[in-house]
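Counting with our numbering, you get residues 22 to 264 for the letters of the sequence shown.
Don't be surprised by glycine CBs; every beta carbon is placed ideally from N, CA and C.
Here is the structure we will look at.
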Amino acid sequence: MELKEKNIPKQLRYQFGELVLDVQDGVFTPTGTTEVLFKAVQKYIKKPGKILDLGCGCGVMGIALHQIGVVRGLLYASDLSEESVACTKKNADRYNCPVVAKSGALFDPWVEEKFDYIVDDVSGVSEEVARISPWFDGVPCESGRDGSSLVVQVIKKARAHLNSSGCLFFPIISFSNVNNILNAAHENFSNVELLAHEEWPLPKEMNQHVAILRKLHEEGYIQITEKFGMVLWFTDVYVAYNL
Ligand SMILES: C[S@@+](CC[C@H](N)C(=O)[O-])C[C@H]1O[C@@H](n2cnc3c(N)ncnc32)[C@H](O)[C@@H]1O
22 MELKEKNIPK QLRYQFGELV LDVQDGVFTP TGTTEVLFKA VQKYIKKPGK
72 ILDLGCGCGV MGIALHQIGV VRGLLYASDL SEESVACTKK NADRYNCPVV
122 AKSGALFDPW VEEKFDYIVD DVSGVSEEVA RISPWFDGVP CESGRDGSSL
172 VVQVIKKARA HLNSSGCLFF PIISFSNVNN ILNAAHENFS NVELLAHEEW
222 PLPKEMNQHV AILRKLHEEG YIQITEKFGM VLWFTDVYVA YNL
């Protein structure tokens, strides 16, 4: 309990200012991947548009994008977890960010709805890694042994929810089957561009589980590298669109 409270960042600082967000129990605490994804999206978007924050957690991504003025009209946000949706509404309210936030799996809450930008951040690490990580305490992550199943479903369904010049942003975390996700992106979009790459050391809570990670790596489910006595993993951020 004490450890968890220590892990909850009460403040997230981004280049453009400062956000203070509530993160209740059962709601994902934003990580370095959140920040890398946000920075890549911020750099890429040149024109405000209708935005969906998919897998919104505490609402950090959508609210941060609203803060920098790239959300046109309402912010749309959804998450499988009802706690996350309630948390997103509360945080959005604090920042005067008008939001339509719904709970449901992937695109289920958005039947026939289309967007200019979809920022996907649904759980994308191997279920086994989620179990031994400090990140998914009470947070849904039914992503399969190779971590790719939710992200691949998002990629396959996203096209039907994008306006003609719309694009999908998504992170690929190396605690998943990177190639499987990339193949799905190339099969569904004519253009797939890498926007950011960041390597991370293993969180200390996972040091005791290196044998599990090595096994998953050897079986081709995840990608880790071992250098200078450290286990490294990475986040890549992609944008995909059709011309
Ligand atoms: C890695 S967290 C990201 C949260 C937030 N974007 C952030 O950066 O803090 C993944 C989110 O996906 C949600 N999620 C898991 N499975 C989902 C599903 N099938 N449909 C929608 N959201 C899902 C989780 O509840 C969680 O909030």
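So who's on the other strand from residue i, going by DSSP bridges?
i, result
"Tyr-242", "DSSP output for Tyr-242 lists no bridge partner at all."
"Val-81", "Partner(s): none; Val-81 has no beta bridge."
"His-218", "Asp-257"
"Tyr-138", "Ile-72, Cys-188"
"Val-252", "Glu-247"
"Ile-194", "Thr-256"
What separation, rounded to the nearest whole angstrom, lies between the Cα atoms of residue i and residue j?
i, j, result
"His-218", "Thr-256", "6 Å"
"Met-82", "Gln-229", "31 Å"
"Leu-203", "Tyr-262", "13 Å"
"Ser-144", "Leu-253", "19 Å"
"Ile-193", "Gly-168", "10 Å"
"Gln-244", "Asn-198", "7 Å"
"Ile-176", "Glu-208", "9 Å"
"Arg-152", "Asp-158", "8 Å"
"Asp-129", "Glu-104", "17 Å"
"Glu-214", "Trp-221", "21 Å"
"Val-173", "Asn-200", "11 Å"
"Glu-56", "Cys-162", "20 Å"
"Lys-123", "Ala-205", "26 Å"
"Glu-240", "Ser-195", "14 Å"
"Ala-113", "Thr-52", "19 Å"
Specify the secondary structure class of residue i as computed by DSSP and reduced to three states.
i, result
"Tyr-65", "helix"
"Asn-209", "helix"
"Asn-184", "strand"
"Leu-58", "helix"
"Leu-86", "helix"
"Ala-98", "strand"
"Val-120", "strand"
"Arg-166", "coil"
"Val-44", "coil"
"Glu-148", "helix"
"Glu-39", "strand"
"Val-132", "coil"
"Val-92", "strand"
By Cβ distance below 6 Å, which residues in the same chain neighbour residue i in space, the five residues on each side in sequence not counted?
i, result
"Lys-135", "His-182, Asn-184"
"Phe-190", "Val-62, Val-140, Val-260"
"Glu-226", "Pro-155"
"Val-92", "Ile-72, Leu-86"
Using a Cβ-Cβ cutoff of less than 7 Å, which residues in the same chain neighbour residue i once the five nearest sequence positions on both sides are dropped?
i, result
"Leu-264", "Ser-211, Asn-212"
"Arg-166", "Ser-147, Glu-148, Glu-149, Tyr-242"
"Gly-90", "Pro-69"
"Leu-95", "Pro-119, Val-120, Val-121"
"Ala-126", "Leu-101"
"Arg-84", "For clarity, residue 84 is Ile in the given sequence; the question names Arg instead. Correct list, in chain order: Leu-40, Asn-112, Ala-113, Tyr-116, Cys-118."
Could you give the first and the last residue of the continuous alpha helix (DSSP H) run that contains residue i?
i, result
"Glu-104", "103-115"
So, for residue i: in the same chain, excluding its five sequence neighbours on each side, which residues have a beta-carbon less than 8 Å away from its beta-carbon?
i, result
"Arg-235", "Ile-245"
"Gly-187", "Gly-70, Lys-135, Phe-136, Asp-137, Tyr-138, Ile-139, Tyr-262"
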